[in-house]
Each structure stands twice: as structure tokens, then as C-alpha cells.
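Participant: Okay, handing you the structure first.
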Amino acid sequence: MAKYTFPAEPYPLEFEPESTALLVIDMQRDFVDPGGFGEMLGNDVTPLRSTIEPTRRVLDVARKKGLFVVFTREGHRPDLTDAPPTKLERGHLTTGIGDQGPMGRVLVRGEYGHGIVDELKPLPSEPVLDKPGKGSFYATDLELILRNRGIKTLIVTGVTTEVCVQTTVREANDRGFECIVLEDCVGSYFPEFQKAALEMIKAQGGIFGWVSHSRHVLPVLESIERVPA
Ligand code: C5J
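Here it is in C-alpha cells:
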């Protein structure tokens, strides 16, 4: 298998395309779209929306080169039996998880707001994992799916950087996966959390993983041989 290298911090990351997947975390209307749950809570969705275009470019080239692509969505069963009562109560929100929100019931599977934004619509062949928690490995079959494909390296994109992205990177790191987080393809409602979360990942020699930017990763992906189906 041919090896390639992504420019990254704290140092370049070697990878093999056959064992590399693109992970798109929770790019759901409720978090990202104007008029969704995130904005209803008083957040500015602009930093999250800025991730759509670079993520779409990475997704396009990943598809063109035959990389494995996996999407996640945070949300719950309509009867909320998989939602911890603590999560439902947290924040004492007037409109919270399971309640009727601007785009249907908030973070409930099958509702419009729970869906992935149109710009990044998954293909029928791409697994979409529904997760009840912040981490993508908790109570999902993500690890099984990745191991079955021989995946070792994850290109990580999505929202929000310090919540579901960082939790997932920590979970992946403990399971032996190498994560490269693309700073312009992950977004937070809070600029200071964006900065701190990315610094934490690459600190201490890459304690949880690597950080790079789509402008460094795209040319490398463009240069790889297409992975056979
Ligand atoms: C949050 C997420 N922020 N996908 N979810 O509640 O990061």
C-alpha cells in the first residue's frame, strides 16, 4: 500500500488511503442552519456555516478517490427512550430535546432539523450513524464499521469542535485510531473554545491527534491513487 503524508501539527501525518476514512460529525440543520435549534438558543451559526464549503470540497475529493466516508447525527428515538433524563433536563430549556422546535422536534430522528444539511447530503452507500451522545463511538457501531474496513486514520470534520468533535477524537484516540482534524472544517459557536479545543488535540506531541487545514490536505488527497472499490 502506498504511503502519503498530510502536512499537520504537531508534525506531518503518514497515512495509507485504503485505511483512511473521512468522518463528518453532526452537520445537522438543527446545529448549523439559520432558524435551527442552535440559533434558537442564542448562538451565532456563522462559524458553523463557514465549515460547509471546505467540508464539501474535502468530501468531493474523498468520494472521487474512493475513501470511505462516514456521517454521524446526534439525536434520539421519537419516544426518547435512549435519551438520559439528565440530558433532557439539562439547561432547563423552554424548548429542549424532544420538544417542538423551529425545524420539528429537537434532535429527534426523522425530523427535518435532525437531518444533515443539503450541501453535504450523504450518498446511499455512505453509512450514517445515529448517536445518542456526544462521542461518535458511544452506543453506536462505528468502531465495528471502521475495523471491518481496516480503517486506521480518520480525517475529522463537523460540529461542534469542543463537544462532539473533541469527544469523538478522544474516543478514537483511545481505540488506536489516528485523527487529523481539519481546523476550517470544524466549527464552534464560541471562538475561544474552537481555539482551545484544537490546541488541546495537538498539544504534547499530538496527545489526541493532529490538526491541519483543508488547504494542506486537499492537494495531498488530489495526488493519491483512487482506492479500488
Ligand atoms: C452539541 C454537537 N454541541 N454535535 N452537539 O450539543 O457538538
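In this note's numbering, the protein residues as written are 105 to 333.
Where a beta carbon is used, it is the ideal one built from N, C-alpha and C, also for glycine.
(1) Which one of Ala307, Ala106, Ala166, Glu247 has the shortest CA to CA distance from proline 323?
(2) With the ligand C5J as the reference, list in chain order each residue whose Cβ lies under 5 Å from any of its heavy atoms.
(3) Restricting to Cα atoms, I'd like to know which of Lys306, Leu184, Leu250 is closest to arginine 279.
(4) Looking only at its chain, what residues have a beta carbon closer than 7 Å to the beta carbon of valine 331, apart from the 5 residues adjacent to it on each side?
(5) Take isoleucine 255 as the anchor and find which of Glu282, Pro189, Gly195, Gly291 has the nearest alpha-carbon.
(6) Could you work out which residue in Asp183, Thr264, Leu258 is closest to leucine 298 when comparing CA atoms only?
(7) Thinking C-beta only, is serine 318 closer than 8 Å to arginine 161?
(8) For aspartate 288, collect the residues of the same chain with a Cβ closer than 6 Å to its Cβ; drop the 5 residues on either side in sequence, then sort them by chain order.
(9) With 16 other CB atoms within 10 Å as the buried threshold, where does proline 189 fall?
(10) For the candidate residues Val210, Leu163, Leu233, Val267, whose alpha-carbon lies nearest to that of aspartate 134?
(11) Use the C-beta contact count for alanine 125: other C-beta atoms within 10 angstroms, 16 or more gives buried, fewer gives exposed.
(12) In this structure, does DSSP put tyrosine 115 in helix, strand or coil?
(13) On the CB-based measure, 16 or more other CB atoms within 10 Å of its CB, does threonine 155 come out buried or exposed?
(14) Just confirm the distance between the C-beta atoms of phenylalanine 110 and isoleucine 284, as a whole number of angstroms; I'd bet it's less than 8 Å.
(15) How far does the beta strand (DSSP E) with arginine 177 in it reach, from first residue to last?
(16) Quickly, what does DSSP pair cysteine 283 with across the bridge? List them, please.
(17) Does DSSP put tyrosine 108 in a helix, in a strand, or in coil?
(18) Comparing C-alpha positions only, which one of Ser292, Leu197, Leu184 sits nearest to asparagine 147?
Facilitator: Straight from the coordinates:
(1) Nearest of Ala307, Ala106, Ala166, Glu247 to proline 323, Cα basis: Ala166.
(2) Asp130, Glu178, Thr264, Val267, Cys268
(3) Leu250
(4) The residues are Pro121, Glu122, Lys169, Gly170, Leu171.
(5) Nearest Cα to isoleucine 255 within the set Glu282, Pro189, Gly195, Gly291: Glu282.
(6) The residue asked about is misnamed: residue 298 is glutamine in this sequence, not leucine. Ranking Asp183, Thr264, Leu258 by Cα distance to glutamine 298 puts Thr264 first.
(7) yes
(8) Pro158, His317, Ser318
(9) In the assembly as shown, proline 189 is an exposed residue. Its beta-carbon has fewer than 16 other beta-carbons within 10 Å.
(10) Val210
(11) buried
(12) coil
(13) buried
(14) 6 Å
(15) 172-178
(16) Bridge partners of cysteine 283: Leu258.
(17) strand
(18) The candidate whose alpha carbon is nearest that of asparagine 147 is Ser292.
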